[in-house]
Each structure stands twice: as structure tokens, then as C-alpha cells.
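Asker:
Residue numbers (our numbering): 479 to 1051.
#1: In the DSSP output, what is residue 679 paired with across the bridge?
#2: Report the option in 522, 840, 893 and 682 whose CA atom is closest to the CA atom of residue 458.
#3: If you reduce the DSSP assignment to three classes, tell me which class residue 587 lands in.
#4: Judging by CA-CA distance, which residue of 861, 627 and 668 is the nearest neighbour of residue 489?
#5: Buried or exposed for residue 786, please, with buried defined as at least 16 other CB atoms from any protein chain shown within 10 angstroms of its CB.
#6: Need the endpoints of the alpha helix (DSSP H) that residue 798 sits in, please.
#7: Which term fits residue 466, buried or exposed, when burial requires 16 or more other beta carbons within 10 angstroms of its beta carbon?
#8: Less than 6 Å between C-beta atoms, sequence neighbours within five positions excluded: which residues of the same chain meet that for residue 989?
#9: Within its chain, find whatever has a CB closer than 8 Å to the CB of residue 781; leave out the 5 residues flanking it on each side and keep chain order.
#10: Report all residues from its chain with a CB closer than 6 Å to the CB of residue 1024; omit the five preceding and five following residues, and keep chain order.
#11: Please name the residue or residues paired with residue 549 in a DSSP beta bridge.
#12: What does the alpha-carbon distance come out to for the pair residue 1042 and residue 749?
#13: Whole angstroms are fine: how far does the CA of residue 579 sit from the CA of residue 570?
#14: Can you name, in chain order, every residue of its own chain whose Cβ lies under 6 Å from the Cβ of residue 1015, other than the five neighbours on each side?
#15: With a Cβ-Cβ cutoff of 7 Å, do residue 664 and residue 676 count as a contact?
#16: Where does the unbroken beta strand (DSSP E) through residue 617 begin, and where does it stop?
#17: Can you tell which of 630, 757, 530 and 775 has its C-alpha closest to the C-alpha of residue 495?
#18: Assuming contact is defined by CB atoms lying nearer than 7 Å, are residue 1021 and residue 1035 in contact in what I supplied?
#19: In this structure, does DSSP put residue 985 in helix, strand or coil?
#20: Using C-beta distances below 6 Å, list every residue in its chain close to residue 623, excluding the 5 sequence neighbours before and after it, in chain order.
#21: Report all residues from its chain with a CB closer than 8 Å to the CB of residue 568; omit the five preceding and five following residues, and keep chain order.
#22: May I have the straight-line CA-CA distance separating residue 922 from residue 550, to the nearest angstrom?
#23: Are residue 924 and residue 730 touching if we call contact CB-CB under 7 Å?
#24: Rounding to the nearest angstrom, what Cα-Cα distance links residue 757 and residue 548 in this structure?
#25: Count the other CB atoms within 10 Å of the CB of residue 746; is the residue buried (16 or more) or exposed (fewer)?
#26: Which residues bound the beta strand (DSSP E) around residue 610?
#27: From the DSSP secondary-structure annotation, give me the bridge partner or partners of residue 789.
#28: Output the distance between the C-alpha atoms of residue 735 and residue 630, rounded to the nearest integer angstrom.
#29: Taking Cβ to Cβ, would you say residue 991 is nearer than 7 Å to residue 1008?
#30: Would you mind giving the Cβ-Cβ distance between residue 651 and residue 612, rounded to the nearest angstrom? I have them listed as a contact below 8 Å.
#31: List in chain order: all unbroken beta strand (DSSP E) runs of 3+ residues lying wholly within the region 856-936.
#32: Do three or more CB pairs link the region 502-522 to the region 589-597 at distances below 8 Å?
#33: Can you tell me the Cβ-Cβ gap for residue 432 and residue 961, rounded? I've got them flagged as a contact below 8 Å.
#34: Going along the chain, which residues of its own chain have a beta-carbon closer than 6 Å to the beta-carbon of residue 743, five neighbours each way excluded?
#35: Taking DSSP's pairing of strands, which residues face residue 973 in a bridge?
#36: Check for me: the beta strand (DSSP E) holding residue 646 runs from which residue to which?
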């Protein structure tokens, strides 16, 4: 089960004229009976809500006052998440004639057309408050308090991730709520801008729309709804014919295959970095310690000892933790059995929490070999959101290979890699667009989209960029890719084999030499061809085109352009 919680607005979404229809209550009861959590997220103050919604005990948590208050129905506990409103502010609003004023634990609310008076009062008193509109309502809250901030407080208590939440709303103040959730729904009566921002707009209005989503959740966990929200897509690279190729962040399985040194780990690292940036939790099974330097995760296991299943599960209990399971400390022959003992526990954790969202299995041919019968017994339940990494796809358990949606072949012979895979699953070999690949390229076969294989230019990872910066800032470029300060009459031959030396020599050469190369565009040419940094090259071109700069000014701007992306020692150091 992927979607474990439903976060729903009250007025205009669950309720019509303040009341929730009996058929909508029945749908909420079915949702809770399925094991999913119901979280009510509303702009109302809690006392009003308790009076008009007697079925509050269906909710696991209630976020009231537009994110400023958290209520636990089971224990009747209230937690205020933001400061109380200023008595001076409230009194001044009344003095200035603001009517229909409602004051909660944190929220202060009124209606149109008093928004201008409210804004002027905030300005005149010098307060850090923001105005939130919800159709005719005008809500005043401390900066940073939104339905999303309140929902995050509730999810933290429940050990749930926003990526396992469906959210439904209807008004302007629901933008933050929908933006935080994995699956964003607007009921059909929602304001147009919210409908545009949502992943789906229901056919029904208000409670009928909520019932519609609950029915789909109970029937298929929304699996049949292959929505394409760009905010969730994970970039893998650029197609050779143009356009991005992205990873669907749910229910996809990837196989990264190719020869040793082909860049499989680099591609995998880039995918993991982007998953971490988007808040998706992952677990890496690392038999050979290739990910022990990965900074986005906790490393469990050392050369001296292997990890325990319990410490892995304990670490994954916290949604913000990513985990690398380092198996180097286990004897080689024990690693497959440890992994197959861990898999059912990960499946149980996913059933309970929807996490980890992704599992990467390195050296899959060792951990799930085609000739090892226990593998097929353990994998009776189809695994999803898996990334398998291997040198030998044909040596992996066939039932695993058959679940692969996208095959990415890297290295010298992508055609052979794809043929090896096809032989293992007894499928015909598709035409492969290229025979050889250079570093940074791959062949992608998107089987789920029924596409023919195509060439991909892999998006660099942050680790690649850091390596790139170190290499070009302080490394040793070969002679044919170094920069040479020679001057207008070739009297000099000063070699700069990296950007640090370039900056240091540039500071010391005479003005005619500096300007000679500047006017001929040599600096931008070297940045583009030698350093392979087009953005730095474009910054240099802008400097080279200017004729109003003195040599000292152009040097300063060139150094600043370099320092914006690379670490270069200050002058005189």
C-alpha cells in the first residue's frame, strides 16, 4: 500500500454549508477501516469544528487554524504550533471597524472587504504576519504557518512521509497542502487555480469528490491513475533526439546494466541524489562497499562487521533517514541469504509505512542469482520501486527481470547487454540505436512505454560536478588541454594546467598579454573546450565583448566568474 493517509480540507471539500453528508461519513469510515489514516486540515478554529463535526474520532490528527494548531482526537490533546495573536493587533482591528472578527489560539480571521484595513494595521504596527485568502475569508497568521506546515507536524508524529499522502482541497489556502502531498486532488467546485495545480480534479463536487477518491484508493491504491505530475519526475538525462527522460517516482523498476567501469554507480548515485532532494526515502543494498562514501545516507555495516536486520529497520523507521546497507563485513557466501532474509522485512515495513520508497540492489547477480531457488520463494510478492544494478543481467533470477520497466545499458556494448537481458526473459531483441557508447551516455529501453531503445545523455550527479570542479580547479590537465599565455608576439609560454594556475598567472601577466587573449576570445574558448563548462564560457564571452573595461576590471570580472563555480585562492595567497 503506497497511500497511507488522506489529508482533507473541511469547508467546501468534506462539508457543504458546514455539514458532512452521511454518505461521505460512510466513505471516511471505509477509508479508516482499510488501515489508512484520516487527517483533517482546516482553517476553522477547533471549538467550531468540534461542534459541527461529531465524527472527529475518525481522524488520526486534526490540523486546525490553517496549520497553527494540532489536535489528537484519541487523547483530546491540543498542541499550539505558533504564537498567540497580539492583543494589541486584535483590539486595533476592532477599533478600525473590522467586523465578523474571529480569534483562535493563533489565527485571526475576518471576511472581505476588510483585507485592506488588515494589511494597513499589520504595516502600521510593524508585525510579521501574513494574510491568507480562502474564497471570502481573510485569515491572518504568523509568517511560515500554512496547512502544509501543520500537516508536516502531524506526519512527523505519525512517522509518515508526505510522499505517502493524498490531499484534497477546494480553496486558495489549500495550495500549500496540495503542494506538499504526493497526490494532489481538487474537488470539482475548487477555485480554478487550485484545479490547475492539482494532479487530478474530481468529477464530483465537495463530499462526492472525496468519496470518488476514497473509492479509487480502496480499489487500487490509485495504481490505475498514471498521472504525470512534473513536480515528482526524477531527471535521468537528455534524449539524443532532444527532450528530458525522467523516472516515474512510483511503481517503476529499473535495471542498470553494463560492463565494469561503465558508469553504473555514477548513474545510480545521481538517481539517489535526486530522490533524496525530493524527500523520497531509499535503502541501498551494497555488497561491496561501493556506496560507503555516499553523504546522503546512513551507512550501516563496516569492514569488521555486517549490519543487523533490526538496526536497518530501526534506521528506516524515521522517514528522513536514507540507509546504505554495507555487506562487506559479511562472508561472501552469506550475503545472498542475509539479503533474502531482509527482503520480507522491508516488504512488511512498506506495507506498514509505504517506505522505503525505493530500494537499490547493487551487484544483483550475486544477491539474486538465476540458479538459486530460495530467491524465487522469497520474491512471491512483486517488488516495485526497485533499482537493480548488475554487470550480468542474464545471471539474475528471471522473475526479477520480468518486473523491470526500464533497462538502461551502459558501457562498450549496449547491444550485447540488451541481448543478454532478452535471452534471460525469452523476449525478442529490439533494434539498438548505437554500437558503442562514450562515458556519460547510455541506451534506454523503456519497456513500460513500449518504446524502442534510444540513446541518452546522462544528467551529471552532484558528486560528478564536485569531481569536475576539483579536477579543473586544481587537477592536472594534459598539455593539449591546458591554457597558454603567449601574448601578441608569442614571447611567452606560460602554461596553466588548471583554473587555480590560470587565475594566478592572469594576475601576474602584463596588460598587453592579458588583453591579447581577451580580445581574441581565447578565454571563453578554453573554458568551453578545455574546461568543458559552457556556463563559465558564456560568462567569459560577455566580458570579452565589453570594450569599456580596463585590464584590471576585466581581470576582476573574469576571476569572479570563475570563483562563482570553482574554489580559487584569493589574490596574494
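For every residue, glycine included, the Cβ atom is placed at its ideal position computed from N, Cα and C.
Answerer: Taking the coordinates as given:
#1: 664
#2: Since the first residue of the chain shown is 479 and the last is 1051, residue 458 is not available in this structure.
#3: strand
#4: 668
#5: exposed
#6: No alpha helix (DSSP H) contains residue 798, which DSSP labels as neither H nor E.
#7: In this structure the chain extends from 479 to 1051, so residue 466 is not present and cannot be described.
#8: 1029
#9: 767, 806 and 807
#10: none
#11: 540 and 556
#12: 26 Å
#13: 12 Å
#14: 1002, 1005 and 1006
#15: yes
#16: 615-620
#17: 530
#18: yes
#19: helix
#20: 545, 546 and 560
#21: 579, 581 and 586
#22: 48 Å
#23: no
#24: 23 Å
#25: buried
#26: 607-612
#27: According to DSSP, residue 789 bridges with nothing at all.
#28: 38 Å
#29: no
#30: 4 Å
#31: 864-868, 884-888, 919-924 and 932-936
#32: no
#33: Outside the displayed span of the chain (479 to 1051) sits residue 432, for which this structure offers no information.
#34: 768
#35: 962
#36: 643-647
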